[in-house]
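Line by line, the protein sequences are chains A, B, C and D.
Mapping of the first sequence onto my numbering: position 51 corresponds to residue 49, and the numbering continues sequentially without gaps.
Mapping of the second sequence onto my numbering: position 491 corresponds to residue 505, and the numbering continues sequentially without gaps.
Mapping of the third sequence onto my numbering: position 32 corresponds to residue 93, and the numbering continues sequentially without gaps.
Mapping of the fourth sequence onto my numbering: position 54 corresponds to residue 115, and the numbering continues sequentially without gaps.
Written below as structure tokens is the structure these notes are about.
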Amino acid sequence: MKFGIITFPGSNCDYDAYRAVVEAIGQEAVYLWHKDHDLQGSEVIVLPGGFSYGDYLRAGAIARFSPIMREVVAHAGRGAPVVAICNGFQIACEAGLLPGALLRNESLKFVCAPIGLRVENTSTLFTNGYHENQVITLPIAHGDGRYSADDETLDRLEGEGQVAFRYVPNRNRPGDSCNPNGSMRDIAGIVNEGGNVLGMMPHPERAVDPLLGAPDGLPLFESILHRVHA
Amino acid sequence: MTVTARPGDPVITPALVAEHGLTTGEYDRLVAMLDRTPTFTELGIVSALWSEHCSYKHSRPLLKTLPTKAPYVLQGPGENAGVIAIGDGLAVAFKIESHNHPSAVEPYQGAATGVGGILRDVFTMGARPIALLNSLRFGSLDSARVRYLFAGCVKGIGDYGNCVGIPTVAGEVVFDPAYEGNPLVNAMCVGLLKEEELMLAVAQGVGNPIIAVGARTGRDGIHGASFASEDLSEASEAKRPRVQVGDPFTEKLLLEASLELIHSGHIVAIQDMGAAGLVSSSAEMAARGDVGVVIDTLKVPAREEGMTPYELLLSESQERMLVVAKVGHADHVRAILEKWDLTAAVIGEVIAEPVYRVTEGERVVAEFPGIRLVTDCPMYEPDARESDDIRTRREQDVDAIAERKEEADPVWTLTELLGSPTIASKRWVFQQYDHTVRTSTVVGPGGDAAVVRIRGTDKAIALKTDCNGRYTYLDPREGARIAVAEAARNVACAGGRPKAITNNLNFGNPKRPEVYFQLREAVAGMGEACLALGTPVTGGNVSLYNENPTGAVYPTPVVGMVGLVESLRHITRSAFSTDGDAIVLLGNNTSEIGGSEYLQRIHDVVAGHPPRCDLEAECALIDALLDAIAEGAVRSAHDCADGGLAVALAECVMMERGQQLGADIDLSAWSSLPTRALLFGEAQARVVVSTPDAAAVLATARRNGVPAAVIGTVRSTSESLNITIGTSRISAKVGTLANAYHDAIPNIMLRSASQLDVALASNAVA
Amino acid sequence: MSRYKIAVQVVPRRGLLDPQGKAVADALHSLGFSNVASVYVGRHMVLEVEAADEGTAREQTNRMCAQLLANPVTEDFEIASVLSA
Amino acid sequence: MSRYKIAVQVVPRRGLLDPQGKAVADALHSLGFSNVASVYVGRHMVLEVEAADEGTAREQTNRMCAQLLANPVTEDFEIASVLSA
Ligand SMILES: Nc1ncnc2c1ncn2[C@@H]1O[C@H](COP(=O)(O)OP(=O)(O)O)[C@@H](O)[C@H]1O
Ligand SMILES: [Mg+2]
Chain A
-1 MKFGIITFPG SNCDYDAYRA VVEAIGQEAV YLWHKDHDLQ GSEVIVLPGG
49 FSYGDYLRAG AIARFSPIMR EVVAHAGRGA PVVAICNGFQ IACEAGLLPG
99 ALLRNESLKF VCAPIGLRVE NTSTLFTNGY HENQVITLPI AHGDGRYSAD
149 DETLDRLEGE GQVAFRYVPN RNRPGDSCNP NGSMRDIAGI VNEGGNVLGM
199 MPHPERAVDP LLGAPDGLPL FESILHRVHA
Chain B
15 MTVTARPGDP VITPALVAEH GLTTGEYDRL VAMLDRTPTF TELGIVSALW
65 SEHCSYKHSR PLLKTLPTKA PYVLQGPGEN AGVIAIGDGL AVAFKIESHN
115 HPSAVEPYQG AATGVGGILR DVFTMGARPI ALLNSLRFGS LDSARVRYLF
165 AGCVKGIGDY GNCVGIPTVA GEVVFDPAYE GNPLVNAMCV GLLKEEELML
215 AVAQGVGNPI IAVGARTGRD GIHGASFASE DLSEASEAKR PRVQVGDPFT
265 EKLLLEASLE LIHSGHIVAI QDMGAAGLVS SSAEMAARGD VGVVIDTLKV
315 PAREEGMTPY ELLLSESQER MLVVAKVGHA DHVRAILEKW DLTAAVIGEV
365 IAEPVYRVTE GERVVAEFPG IRLVTDCPMY EPDARESDDI RTRREQDVDA
415 IAERKEEADP VWTLTELLGS PTIASKRWVF QQYDHTVRTS TVVGPGGDAA
465 VVRIRGTDKA IALKTDCNGR YTYLDPREGA RIAVAEAARN VACAGGRPKA
515 ITNNLNFGNP KRPEVYFQLR EAVAGMGEAC LALGTPVTGG NVSLYNENPT
565 GAVYPTPVVG MVGLVESLRH ITRSAFSTDG DAIVLLGNNT SEIGGSEYLQ
615 RIHDVVAGHP PRCDLEAECA LIDALLDAIA EGAVRSAHDC ADGGLAVALA
665 ECVMMERGQQ LGADIDLSAW SSLPTRALLF GEAQARVVVS TPDAAAVLAT
715 ARRNGVPAAV IGTVRSTSES LNITIGTSRI SAKVGTLANA YHDAIPNIML
765 RSASQLDVAL ASNAVA
Chain C
62 MSRYKIAVQV VPRRGLLDPQ GKAVADALHS LGFSNVASVY VGRHMVLEVE
112 AADEGTAREQ TNRMCAQLLA NPVTEDFEIA SVLSA
Chain D
62 MSRYKIAVQV VPRRGLLDPQ GKAVADALHS LGFSNVASVY VGRHMVLEVE
112 AADEGTAREQ TNRMCAQLLA NPVTEDFEIA SVLSA
């Protein structure tokens, strides 16, 4: 399966996403430059993390206008998979691929830490490799991760099973506050109505190699493989 | 060609010369070199290039004494960064740099642009940056101003590195009133390259175009280099407009574009426009290649209208590079920069005539013969004399200091020390740094050295910055030796063989004999240790004049150590992990308490001899530790440093909050030592190891001539750290220790949290 | 064509958590400005725009805000002033 | 005592690099708004303050800006308006 990894000026997790695809799940990956108009036949699109356009103005606001985003939106419109991680999540929200917005962390600080997550829906394209209510640990590294939307949207997300991941207390650190950014209803990741676009603040692509800690991001990539090949 | 004064430029007067920080002797030297009165532009150029920051005029004679060679050193001091080979055709470029003065005035931008500068130093060598480190010193956190400086620097470092996407993996932070008015902000960068892709900043090839790339030049930071070469005072406040603003986004583009340029074969040299901007980068590249250059300031892309040659040459606008391209390749260079939305402008040329010439269109505004602008800089070896006050402090009998009554319970003392901001967990700091980006950080901040794997090999590098300024204050030679030894020990604890260092000499005003003494002795000590440990110096930075009317900072020779982990299997962490493991102490305990954190924190005393640094013992310790690690016998290793053995043991049981263990320790073998020295003394050459195979560790230690003893057992079911010394028994709740250690800095920072958030909000882009 | 200097204000939508505004209020209180009842923080932008007339300049700026300068999900915008420059 | 609603604007000092303003201007250009000559991005704050009279409110706000709301090294501030609330 071919993964297309979009590189915006200021992307910096494109390399990690590429490595995860190629090394951890043995699939093909290509970098797609933001000025391109062609997804080069990629089946899965990754909007990686980083600071596209320096995150100036608002995270993701400027990147969403890159030429390649028109193709990504069309790709998503055809029901094809898009994985939007961290800055990618912010871009996807700005581009209207996902509802809501990601605002400055409530602490007003950047946070880099391993964080506990609960898989809320294991039937999605991206989560079928996890088991029901599985608690996993993934790294986060962001300053603007406070997911916000109006109540109606939040109710709909919950009602339709579109909340994919929620922050939970880390087993290893009782008492530590579980929500690192003040996101509404502890939301860490969501899918769109069609279930083919995933946006999440934590970094699954940084957690696929046991050398670096629990490879809890691996099932996410494997989920896509299973489902699309099934 | 004849140099003509620009209409409107100030006339050269003794006052103007003094304002430019040149002594009469230096000015006379300049006039002799030119054989005429300099123009205003020339005066500006010389003032920058002969500033301490650019010329090292008070330190170069000393630096020459440092060992710089080893078979694997590909590039020693003198380039933008040092480079060592690590096998497999790969090499590592690394360098440390200070941004102390800018950070004192505007902590966020000062620290951020410090990171930007050091990144550029590394990627101009053709290396892709893979890790950042830093070394920070502030006054006491009890002061709101210090909290502001601390929070601002940390945020500046974080925002910049995070945005560029380079993990910040290790560092150190020390709080001491000695740094009250003069914080130290040193940033280190490590990059990876293929040996054959090494690129040097040597201008060559007559007719080759000189190209300015990256950001446009504005009026920011003019005379930053000379600013960094004087004491801080009220007057420096007035120099605030010199502050530079960083743009990490442009830096990221510049990084990618530069690496693409270097690999493209279109260029022969590239250099960062750092301190003293265009003039220093062009003059240094010319001097290294011993060639002539001509620069036309009218061609420099400017951010503002009406900038003079003086301003364009001296501006320290960030995110700019100077490139020497091959004749006829300028368009290729431009195309690569355009891909990254950056500009490139041909602003000059390498010429056959041996001059350094600056024109403004047709008019020649500055011209120096040959490369004498760089080579003719005066060198000084001022008087050196140890301060009587410091000698008296060192000779003080600290053993005679009576214990406080609270010390009857050593748990109280231990808890106090763990809560000392210098010892306490720095999570508040490194949580703001992205240390997992690039997915190569195997061991991140929090333990001893960081470990970054080298993809495509079975190797990794281990990295750490270290220095104990209090030791160096009390005894500069011994303190500097310890700085190298401690960094080496930390790297070895992580499984790395110490290979080479970069260093940052942060001192006061060298014209004062007491300060020059410290500098001379510290450099000597550093050289001795590097020689003994086999870790040559590949580069560094000197930051002098770190003083204000109330005095100088502690002499602080920060060491940035790079070690090589030969196999990923050797990577070792600091914390205990496994029930029943034996705890082995490598090295010996002594009765030393001089210069310790214990004396400072508990008794408010800075005195005594710092612990003795036995370099032979350090080498043997490192060999023993690395042998035991290679044999697979070591589960964890943590060195004893600030706060001594008790603090090291406490850290081993609770440095990862939530993964706490207990331990039973027996130190009866040393019951003849004073308890406080045994627990909190900072004897060197000691490491605490946990192992499933104590016999193997002991045998390996013996083979290497290192004292070693089993001192206890890891207990996963116990919630206490129990220490037996003869008939006395100390029992500390691990949870209490953990709270003291982990909450100290967050709790202090809460005191002005909202004010800090607001004060730093203006800078927040991340 | 004339040049206009246009000031735009973008503010977080009421009801959303405004941690910056809260931090400012807390900080002012702790500095002794206890008479500050509330604060909110937004973005202030000044654009220099070439346009045929003020109406066009305004209309264009409105479109810039709607498309880029403000996030319709979380922010409101307002053109605070248009001056000839 | 009356209540005043005070708008304060904090902008990056002229001459200093304003990477944010530059990024926004570039983005507007690529969206086709080629008539935008420059953009400055600063902060807009609205404070509700209790004070005896408008003069006092203004004077206090000035002090808040100087002490906290603007970075004296890199920013300039201005009280844009004071309204009775
Ligand atoms: N400024 C900093 N940036 C990143 N990491 C830091 C910083 N300060 C301390 N650390 C990390 O915290 C841990 C403890 O640091 P330190 O007390 O200096 O260790 P040691 O006593 O072993 O030299 C190390 O992993 C170090 O890298
Ligand atoms: Mg250590």
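Glycine included, every Cβ here is placed at the ideal spot set by N, Cα and C.
Is it true that the CB of B/D413 sits closer than 8 Å to the CB of B/E333? With contacts defined as CB atoms closer than 8 Å, B/E333 and B/D413 fail to qualify as a contacting pair.
Helix, strand or coil: which one does DSSP assign to B/M763? Reduced to three states, the DSSP call for B/M763 is helix.
Would C/L92 pass as an interface residue toward chain E - the criterion being a Cβ-Cβ separation below 8 Å? Reference to chain E is not applicable here, since the protein chains of this structure are A, B, C and D.
Measuring alpha carbon to alpha carbon, tell me which of A/W31, A/A74 and A/E92 ends up nearest C/P133. Checking every option, the nearest Cα to that of C/P133 belongs to A/E92.
What's the C-alpha gap between B/A634 and B/C507? If I take the Cα positions, the gap works out to 13 Å.
Roughly how many whole angstroms lie between the Cα atoms of A/G192 and A/E156? Rounded to the nearest angstrom, the two C-alpha atoms are 14 Å apart.
Could you tell me if A/P217 is buried or exposed, where buried requires 16 or more neighbouring beta carbons within 10 angstroms of its beta carbon? Buried, because 16 or more other Cβ atoms sit within 10 Å of the Cβ of A/P217.
For A/G161 versus A/I134, is the C-beta distance shorter than 8 Å? The sequence shown places Val at residue 161 of chain A, rather than the Gly named in the question. Contact: no.
Chain A within 8 Å of B/Y530, Cβ atoms only: Among the residues facing chain A, B/Y530 is not included, as its CB has no counterpart in that chain under 8 Å away.
Can you pull the chain A neighbours of B/G172, defined as C-beta to C-beta under 7 Å? Below the 7 Å Cβ cutoff, chain A contributes F108 as neighbours of B/G172, in chain order.
B/R317 bridges to which residues according to DSSP? B/R317 pairs with nothing; no bridge assigned.
Compare the beta carbon distance of B/T604 and B/T486 with 8 Å and say whether it is the shorter of the two. One thing to note: B/T604 has its Cβ no nearer than 8 Å to the Cβ of B/T486.
Can you say whether D/Y65 is buried or exposed, counting buried as having 16 or more other CB atoms within 10 angstroms of its CB? The residue is buried, with at least 16 neighbouring Cβ atoms inside 10 Å.
So, B/R484 versus B/Y568, is the Cβ gap smaller than 8 Å? The answer is yes: Cβ separation under 8 Å.
Reducing DSSP to helix, strand and coil, say where B/Q285 ends up. Correct three-state label for B/Q285: strand.
Residues of the segment 148 to 165 of chain B whose Cβ lies closer than 8 Å to any Cβ of chain C, in chain order: When CB distances to chain C are screened at a threshold of 8 Å, not a single residue of the segment 148 to 165 of chain B falls below it.
Near-chain A residues of the segment 125 to 138 of chain C - C-beta to any C-beta below 8 Å: Against chain A - using a Cβ distance shorter than 8 Å - the residues of the segment 125 to 138 of chain C are L129, L130, N132, V134 and T135.
Taking 8 Å as the CB-CB cut-off, is A/P208 touching chain B? At least 8 Å separates the CB of A/P208 from every CB of chain B.
Can you grab the Cα-Cα spacing for the pair D/D137 / D/R104, in whole Å? Roughly 11 Å between the two C-alpha positions.
Is there a Cβ of chain C sitting closer than 8 Å to that of B/V259, yes or no? Proximity of B/V259 to chain C, defined by a Cβ-Cβ separation below 8 Å, is not satisfied.
Starting from B/Q614 and walking both ways along the alpha helix (DSSP H), at which residues does that stretch end? E611 to H617 is the span of the alpha helix (DSSP H), which, as asked, contains B/Q614.
I want to see whether chain C comes within less than 8 Å of A/E104, judged by CB atoms only; does it? The C-beta of A/E104 comes closer than 8 Å to at least one C-beta of chain C.
In this structure, does DSSP put B/K340 in helix, strand or coil? Here B/K340 sits in coil by DSSP.
So with Cβ pairs under 8 Å, would you call B/G707 a contact of chain A? One detail in the question is off: residue 707 of chain B reads as Asp in this sequence, not Gly. No, B/D707 does not count as interfacial toward chain A.
Residues in the segment 65 to 85 of chain D with C-beta within 7 Å of chain A's C-beta atoms, listed in sequence order? Residues passing the 7 Å Cβ filter: P80, Q81, A84 and V85.
What does the alpha-carbon distance come out to for the pair B/V338 and B/I224? The straight-line gap from Cα to Cα measures roughly 5 Å.
Cβ of D/G119 less than 8 Å from any chain C Cβ? It should be noted that the sequence gives Arg, not Gly, for residue 119 of chain D. So, not an interface residue.
Considering only the beta carbon of each residue, do A/L106 and C/Q81 sit closer than 8 Å? A/L106 places its beta carbon less than 8 Å from that of C/Q81.
Find the nearest neighbour of B/P143 within the set A/D184, A/I3 and A/N10, judged by alpha-carbon distance. The shortest C-alpha separation from B/P143 is found at A/N10.
For C/E115, does the three-state DSSP call read helix, strand or coil? Assigned with DSSP and collapsed to three states, C/E115 falls in helix.
Name the DSSP beta bridge partners of B/W354, please? Answer is none; B/W354 lacks a bridge partner.
The segment 705 to 723 of chain B / the segment 569 to 588 of chain B touching (three or more Cβ pairs under 8 Å): Judged by pairs of C-beta atoms under 8 Å, the segment 705 to 723 of chain B does not touch the segment 569 to 588 of chain B, as fewer than three such pairs exist.
Across which residues does DSSP place A/A82 in a beta bridge pair? Within the DSSP bridge table, the entry for A/A82 names A/L45 and A/G197 as partners.
B/R729 - containing beta strand (DSSP E), residue span: From DSSP, the beta strand (DSSP E) with B/R729 extends over A722 to R729.
Flag this pair as yes or no: are the beta carbons of B/D637 and B/T705 separated by less than 8 Å? Cβ distance not < 8 Å, so B/D637 and B/T705 don't count as in contact.
For B/C507, report the span of its alpha helix (DSSP H) as first-last. Note, B/C507: alpha helix (DSSP H), P490 to C507.
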